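J.: Quick note on my numbering: the sequence shown kicks off at 21 and runs consecutively.
Heads up, the beta-carbon is just placed ideally off N, CA and C, and yes, glycines get one too.
Small disclaimer: the values here were computed from a predicted structure and weren't measured.
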Amino acid sequence: MKTKSINIWSYALYGFLVGIIFPIIASTIKFLELNLPPTWRSLRAIHLGEPIMLIVDLVPIILSTSYALIGIQSARFQETSRQLTESRKKQTEQTEFERLFLEALINSTSFAVVWLDSNHHIITCNKAFEELFGYTKDEIIGKHLDDMISSADLRQEASRITSSVTKGNLERLISKRKRKDGSLVDVEIVGVPVTVGGERIGILGLYHDISSRIAAELALRESESRFKSLFNESPISLWEEDFSAVKEYLTGLGDKDTILDLIENDQRVLQNCIEKINILDVNQATLDLFNAKSKDELFAGLSDILMKESLDAFRNEIRALIDGKQTFDCEIMQRKMSGDVINGWLRLSLPPEYKDSWERIYLSIVDITERKLTEERMRYMSFHDALTGLYNRAYFEEELQRLNTSRQYPISIIACDLDNLKTINDKYGHEAGDRALKAAAKILGMGTFRKEDVVARTGGDEFTIILPMVDISKTPAVFQRIERGIARHNRITSDDGLYRPVSISMGYAVVKEGESLEEGYKKADAAMYAVKRARKAEVSSTT
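Here it is in structure tokens:
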């Protein structure tokens with residue numbers, strides 16, 4: 021500002037100095053014309069006599085003002101020129117900065133970057149581009165990009181992208197590009213128009229190698245395909261379920277202890293959990309297992325599949341998930357669409373990535389109905405006599421051990437022996453002997469005793485009965501029922517070819533708390549043999 025003021029005053033002074041010449045020359049001329057001495061009095065007289073001289077005297081002021089205006093305009097011009105110069109300098113610096121920044125960005129990024137001019141020829145590229153495509157910078161500078169890295173079948177696509185970016189558009193796509201050795205690489209391509217200093221100077225092509233990602237995605241798709249194939253073709257019933265709504269519902273009930281207590285004691289909570297399960301998929305083996313024609317039919321009939329006996333298994337499933345377990349196994353009873361009941365072995369699996377959300381839970385159910393029946397048959401056979409169907413000696417001895425520690429005293433033990441079995445076998449054959457044993461078993465087992473009583477065949481012709489909470493010495497009706505059973509059998513089966521009459525010798529003992537059941541059994545057995553000897557003696561005396 022100070023410089024500007026000095027400049028204006030300089031112009032004004034210059035105008036004043038030029039203008040002062042005019043009154044000096046005019047006064048000199050008048051002095052010479054009038055032959056007057058150059059004094060102030062002569063000068064005053066001239067000005068009084070010649071009014072035009074007053075106008076001439078104003079010339080310095082007029083020129084000084086005019087030159088001052090010129091100075092102002094000059095100062096403005098200089099300021100404008102200075103500003104333009106500074107602007108051009110800043111623009112040049114900014115352009116250079118943008119260019120340097122762009123070059124630094126190209127060279128520092130991990131993306132493969134190539135810089136093209138408006139004719140799609142390569143200006144430069146970075147090290148990552150050289151490594152990705154196998155070219156050196158010297159080999160490709162000045163070359164047309166599409167000729168270098170586009171295969172024949174992708175040339176049209178590459179040209180379209182380059183042309184679009186040249187028009188100022190941003191392009192992004194996933195495709196393949198050709199390396200120097202002719203191999204193709206999967207890349208994510210970004211085409212960006214380049215503007216430096218407000219002027220579009222070319223195109224940037226960015227290439228990101230996504231071969232690993234594509235391979236991983238392909239492997240994932242193949243894995244999912246294999247999983248789906250195994251899921252659908254598996255001979256085992258498989259279920260894919262979403263328990264996230266169950267998790268959210270349970271979380272809203274309170275802390276862990278509260279939830280576990282509600283699950284254990286409130287049936288409505290358990291039922292709500294069942295209703296919030298979202299079944300995503302089941303395989304064909306599941307439809308076959310439950311006799312369902314379609315998934316829709318199966319899903320619509322879920323309430324019928326889950327029986328009352330299934331709830332304990334489901335409760336244990338939920339408890340396992342709450343405890344943070346990722347696998348759980350249990351037996352479960354369910355009902356088919358046809359109404360038949362099946363025993364299943366259920367296995368729950370919670371993938372680690374869904375441990376917190378329960379969004380995916382996989383269940384497998386193996387039908388173990390036949391196995392259970394086989395186990396029950398084997399268990400039955402292991403504790404039952406094959407001929408008579410009564411409990412065998414193994415079960416009898418196990419029961420003695422169990423009752424030794426029970427509080428079911430007094431316990432009565434009845435020892436029984438089928439009379440004359442040897443005679444029946446000798447006279448009628450062993451088949452007849454077996455029929456006699458079956459008859460004795462029928463007499464002892466057909467409604468004669470309570471459900472909690474034990475009737476066992478403990479020897480060839482020996483049977484033993486255990487009666488918890490009974491003092492048989494005070495309950496003679498038990499023997500009376502047995503005698504009536506023997507009499508009835510002899511009466512209604514007289515034509516079966518057996519030795520007659522069928523009779524059973526019996527002895528008993530009453531075991532009280534603190535006494536040994538084994539000793540009681542021995543006493544009952546001894547009492548039975550005493551009865552048997554007495555009968556034989558009676559028969560001998562009559563013959």
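Taking C-alpha atoms, which residue in Asp387, Arg339, Glu373 lies nearest to Leu366?
T.: Minimum Cα distance to Leu366 is reached at Asp387.
J.: Taking the C-alpha atoms as reference points, what is the distance between Ile512 and Lys556?
T.: Their Cα atoms are separated by approximately 26 angstroms.
J.: Mind checking whether Asn363 and Thr394 have CB atoms under 8 angstroms apart?
T.: The answer is no: Cβ separation not under 8 angstroms.
J.: Do you know offhand how far Met357's Cα is from Met327's?
T.: Between Met357 and Met327, the C-alpha separation is close to 12 angstroms.
J.: According to the Cβ coordinates, are Arg339 and Ile283 closer than 8 angstroms?
T.: Yes, these two residues count as a Cβ contact at 8 angstroms.
J.: Put Thr425 into one of helix, strand or coil per three-state DSSP.
T.: Thr425 falls in the coil class under three-state DSSP.
J.: Among Ala550, Gly540, Ser536, whose alpha-carbon lies nearest the alpha-carbon of Ser525?
T.: The shortest C-alpha separation from Ser525 is found at Ala550.
J.: Would you tell me roughly how many angstroms separate the C-alpha atoms of Tyr415 and Leu464, rounded to the nearest one?
T.: Each residue's alpha carbon lies about 17 angstroms from the other.
J.: Pop quiz: Val531 and Pro430 are said to be a contact at Cβ under 8 angstroms. What is the actual Cβ separation, rounded to whole angstroms?
T.: Yes, Val531 and Pro430 are in contact; Cβ-Cβ is about 6 angstroms, under 8 angstroms.
J.: Starting from Gly274, follow its DSSP beta bridges and name the residues at the other end.
T.: Paired residues: none, contrary to the question.
J.: Return the residue from the list Asp491, Ile492, Ala320, Pro521 that minimises the CA-CA distance to Gly505.
T.: Here the closest residue by C-alpha is Pro521.
J.: In the DSSP assignment, find the unbroken alpha helix (DSSP H) run with Ile388 in it and report its ends.
T.: Unbroken run through Ile388: none, as it is neither H nor E.
J.: Enumerate in chain order the residues of its own chain whose CB-to-CB distance from Ser171 is below 6 angstroms, with the five nearest sequence positions on each side excluded.
T.: Only Lys198 meet the Cβ criterion.
J.: Output the boundary residues of the alpha helix (DSSP H) element that contains Lys458.
T.: Unbroken alpha helix (DSSP H) run through Lys458: 450-465.
J.: Please state whether DSSP places Arg380 in a helix, a strand or coil.
T.: It is coil, neither helix nor strand.
J.: With a threshold of 16 other CB atoms inside 10 Å of the CB of Trp259, please say whether the residue is buried or exposed.
T.: Buried is the call here.
J.: Arg355 and Asp324 look like a contact to me (Cβ under 8 angstroms); what is the Cβ gap, rounded to whole Å?
T.: Correct: roughly 6 angstroms between the Cβ atoms.
J.: To the nearest angstrom, how far is the alpha carbon of Ile209 from that of Ile160?
T.: Rounded to whole angstroms, Ile209 to Ile160 spans 19 angstroms at the Cα level.
J.: To the nearest angstrom, how far is the alpha carbon of Val474 from that of Glu329?
T.: Cα to Cα, the separation comes out at about 28 angstroms.
J.: Pairs of beta-carbons, one from the segment 261-272 and one from the segment 372-379, closer than 8 angstroms: are there three or more?
T.: Result yes; three or more Cβ-Cβ pairs closer than 8 angstroms.
J.: If we count the other Cβ atoms within 10 Å of its Cβ and call it buried at 16 or more, is Trp29 buried or exposed?
T.: Trp29 is exposed by the Cβ-count criterion.
J.: Whether or not the segment 450-457 and the segment 420-428 are in contact is what I'm after, with contact meaning three or more pairs of Cβ atoms, one per stretch, closer than 8 angstroms; do they touch?
T.: No, the segment 420-428 does not touch the segment 450-457.
J.: I'd like the span of the alpha helix (DSSP H) that includes Asp286, first residue to last.
T.: First-last for Asp286: undefined, no H or E at that position.
J.: Have a look at Thr100 and Ile90 and give me their C-alpha separation to the nearest angstrom.
T.: For Thr100 and Ile90, the distance between alpha carbons rounds to 15 angstroms.
J.: DSSP state of Asp441, grouped into three classes?
T.: The residue asked about is misnamed: residue 441 is Leu in this sequence, not Asp. Leu441 falls in the helix class under three-state DSSP.
J.: Measuring straight from C-alpha to C-alpha, what distance separates Thr48 and Arg96?
T.: Taking the straight line from one Cα to the other gives about 39 angstroms.
J.: So for Phe117, helix, strand or coil by DSSP?
T.: Since pLDDT at Phe117 reaches only 49, below the 50 mark, its modelled position is unreliable, and the value read off the structure follows with that caveat. Phe117 falls in the helix class under three-state DSSP.
J.: Excluding the 5 residues flanking Cys436 on each side, which residues of the same chain have their C-beta closer than 6 angstroms to its C-beta?
T.: Hits under 6 angstroms: Phe483, Ile524, Met526.
J.: Near Asn298, what residues of its chain come up, given a Cβ to Cβ distance below 7 angstroms and the 5 sequence neighbours on each side ignored?
T.: These residues qualify, in order along the chain: Glu261, Asp262, Ala265.
J.: Quick check on this structure: which residue in Asp343, Leu290, Leu250 has the alpha carbon closest to the alpha carbon of Lys276?
T.: When each option's Cα is compared against that of Lys276, the closest is Asp343.
J.: Who are the near neighbours of Ser536 in its chain, counting only those whose CB is closer than 8 angstroms to its CB and skipping five residues on each side?
T.: Same-chain partners within the cutoff: Asn424.
J.: Does the Cβ-Cβ distance between Glu191 and Ser184 come in under 8 angstroms?
T.: It is a contact, given that the beta carbons lie within the stated cut-off.
J.: For Ile66, which of helix, strand or coil comes out of DSSP?
T.: Three-state result, Ile66: helix.
J.: When the Cα atoms are used, what is the spatial distance from Arg470 to Thr478?
T.: C-alpha separation (whole angstroms): 19 angstroms.
J.: Which residues in the same chain as Lys50 place their Cβ atom closer than 8 angstroms to its Cβ, once the five residues preceding and following it in sequence are excluded?
T.: These residues qualify, in order along the chain: Leu56, Ile66, Glu70, Met73.
J.: Buried or exposed for Lys494, please, with buried defined as at least 16 other CB atoms from any protein chain shown within 10 angstroms of its CB.
T.: With fewer than 16 other Cβ atoms within 10 Å, it is exposed.
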